[in-house]
Amino acid sequence: MPLSLKVVFIGDSKVGKTAVMRRLLGEYFDPVFIMTTSGEAIKRKQLVVNNYNVELELWDAPGHEGFRTDAAVYMKNVKVAVLFFDVTNHTSFENIDNWLNFVPPAESPVQKTPTFIIGNKIDKASRTVKKEEAEHKARKSNSYYFETSAKDNNTEDFNQILKQMIEIVLDNSPGLTNSGTVPVNQALVDPWYKACVLL
Ligand SMILES: Nc1nc2c(ncn2[C@@H]2O[C@H](COP(=O)(O)OP(=O)(O)OP(=O)(O)O)[C@@H](O)[C@H]2O)c(=O)[nH]1
Ligand SMILES: [Mg+2]
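Position one of the sequence shown corresponds to residue 315 (our numbering), numbered consecutively onward.
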């Protein structure tokens, strides 16, 4: 039984959420902007992390004001929140504080939904947000910080980042993995354990 995790991408419009999502799904970088609207399909991706089969349910939210209308749907049962800003757009960085307010507290025993902040578009020369200030905000909000370029980082780079993120989530949320999910190797070599969990 894979461990299913709902992952939501939020952040201002045009910061690159969809572009990063496309890369994660093995697609090319597209310089043409097409605004995301509510109700677009949820994407799925399977990974093996720390010996667990993990199925990610990836939700790419719209960044424009309309998000508020559907915020409850996007944030319901979210297990990983990924907050994006554009390193060339300081306002999108400041607005991370507003986006953090949408992240719900996690279910017990963890107090907070694991939250990642991503500074995207680092390929661009016109950077206005310093890495240090972004790291500072991440520390203050108990989040983890990564920097990316949907243009220059390829699918493999994004897979590595995603794996690191899920490793952090699993390490910090023992409650996620101790009920019914069989580590991949254990399921293969230990049929007794597998049979127990399937019962
Ligand atoms: N140079 C550069 N351009 C990027 C990068 N990521 C995204 N873009 C471009 O920025 C624009 C906006 O990207 P999107 O991924 O559509 O932005 P979004 O956050 O999904 O925006 P909404 O759907 O409106 O919320 C597009 O024209 C992308 O091609 C990046 O890392 N580098
Ligand atoms: Mg989008």
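Using N, Cα and C, we set each Cβ at its ideal position, and we do this for glycine too. Model, not experiment: these values are computed from the prediction.
| Asked | Found |
| --- | --- |
| For ligand 4, is there a heavy atom less than 7 Å away from the beta-carbon of Ala464? | As far as ligands go, the structure on display features ligand 1 and ligand 2 and does not contain ligand 4. |
| Check whether the Cβ of Asp344 sits closer than 7 Å to any heavy atom of ligand 2, and report yes or no. | no |
| On the DSSP bridge assignment, give the partners of Glu371 in chain order. | Lys320 and Arg358 |
| With distances taken between CB atoms, is the gap from Phe472 to Leu319 smaller than 8 Å? | no |
| Alpha carbon to alpha carbon, how far is Asn486 from Val321? Give it in angstroms, no decimals. | 16 Å |
| Taking Cβ to Cβ, would you say Ile475 is nearer than 8 Å to Val363? | no |
| Going by the beta-carbon positions, is the gap between Phe398 and Val329 smaller than 8 Å? | yes |
| DSSP state of Tyr459, grouped into three classes? | strand |
| Under 6 Å, CB to any heavy atom of ligand 2. Which residues pass, going along the chain? | Lys331, Thr332, Thr350 and Asp374 |
| Quick check: what's the CA-CA separation for Thr469 versus Glu341? | 8 Å |
| So does Ser440 have its beta carbon nearer than 7 Å to some heavy atom of ligand 1? | no |
| Using only the alpha-carbon positions, how far apart do Gly325 and Glu379 sit? | 11 Å |
| Based on the DSSP output, what are the partners of Tyr366 in its beta bridges? | Val363 |
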